[in-house]
Amino acid sequence: MPRIFRGACALAATAVITLTTFAAPAQAAEPTAPKEFVALADVAPTIIQEMRYRGRHNFVGTRIDGYVQPMCILTRPAAEALRTAQRRLLRSGYTLKVYDCYRPQRAVDHFVRWAKDLADEKMKAEFYPNVPKDRLFADGYIAEKSGHSRGSTVDLTIVKLPARPQRPYVPGEPLVACFAPNRFPDNTVDMGTGYDCFDTLSHTDNPLITGKARENRQLLKNTLAAAGFRNLPEEWWHYTLNGEPFPSTFFDFPVSRRALSGC
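Each number in the working numbering corresponds to the 1-based position in the sequence shown with 181 added.
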C-alpha cells in the first residue's frame, strides 16, 4: 500500500477513535484480506465479471452474505494465471467471464442455512429441477466448506467476442430448467447447461453433452489447464489453481475494495 494511502488510513482510524470515544462501543471491525489477495480487475481488466451471488439470479434467489460489491477477488497467483489464460483466448476471439471467485465463509454458511430450509424452493425450477432439496448435501451440491474461501478457486465460462448484450434477470419471472435448450439467455458460448446447474449434465465430461457444447467445455478446460488450473469434474465451470498459496485456510473477509485496502 502506498505510504500516502497508509497515512490516510491511519488518519481515518484516528478520527473514528476520536469520534467514538464518547459514543457507544463500536462494532468489531471486519476482517481484511491478506496482502496476497487482489482485485481481478486490477490484474486482468478485460475479463468480464458477472458476480451472481451479489445479485438475485442464483440458486438461493437473493443476495448472498458477504458480497458487499460485485467484484472478483483472488490470490495474486490465481489472478495472474487467469490473465495468462485470457491472453490465449483473446487471440482466438474469445474472453473469459467469471461468475464467482473468492467466497467468504459467511457466504458458504448462508448456503448451508438455505439448504436446510426445505420450504424455500423458489429457484428450484431453474437450478435444481431434478434434485430433491433434501438431497443437496448428500449429493455434494452443498457443503460446509468451499475451496472458493481459500481464494484460488474460480467459477467461469467463455464469451465469444464481441460480447452480445445480455438482458438482466427479473426477480419472480418464470424459470426454465438450467439444462433446457431455451434456458435463461446468456451471452456465453453453449456449455450444455447454465452456471450452477445442480445436475449430472454439469459433469465436465458427461457423455450426454456432445457437439459444440462439448467442444466449448474442452476449450475452457484446456485453456485453464495450460495456465495451471485443475477442473472439478462435477462442475464444468469450477477451477482451482495448482499450488494455491492457502491450501488449508478458509477466509471470511467480505468481498469489497475496503477489505483489500484495509481501511
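Ideal placement from N, C-alpha and C gives every residue a C-beta, glycine not left out. As the structure is a prediction and not an experimental result, all values here were calculated from the model.
- Secondary structure at Val279: strand, using DSSP grouped into helix, strand and coil.
- Looking at the DSSP output, Val436 bridges to Tyr248.
- Between the alpha carbons of Leu342 and Leu400 lies a gap of roughly 15 angstroms.
- One thing to note: Lys278 has its Cβ within 9 angstroms of the Cβ of Thr338.
- For His291, the uninterrupted alpha helix (DSSP H) run begins and ends at 286 to 297, by DSSP.
- Looking at the DSSP output, Arg411 sits in a beta bridge with Thr421.
- Per DSSP, the continuous beta strand (DSSP E) segment holding Leu337 begins and ends at 334 to 341.
- Taking a contact to require three or more Cβ pairs closer than 8 angstroms, the stretch 244 to 258 and the stretch 211 to 225 qualify as touching.
- Straight through space, the alpha carbons of Gln250 and Arg331 are spaced by roughly 19 angstroms.
- By the Cβ-count criterion, Lys314 is buried, with 16 or more other Cβ atoms from all chains shown falling within 10 Å of its own Cβ.
- The straight-line gap separating the alpha-carbon atoms of Leu422 and Gln267 is approximately 15 angstroms.
- The secondary-structure analysis by DSSP pairs Ile228 with nothing; it has no beta-bridge partner.
- In this structure, the alpha-carbon of Met304 lies about 9 angstroms from that of His238.
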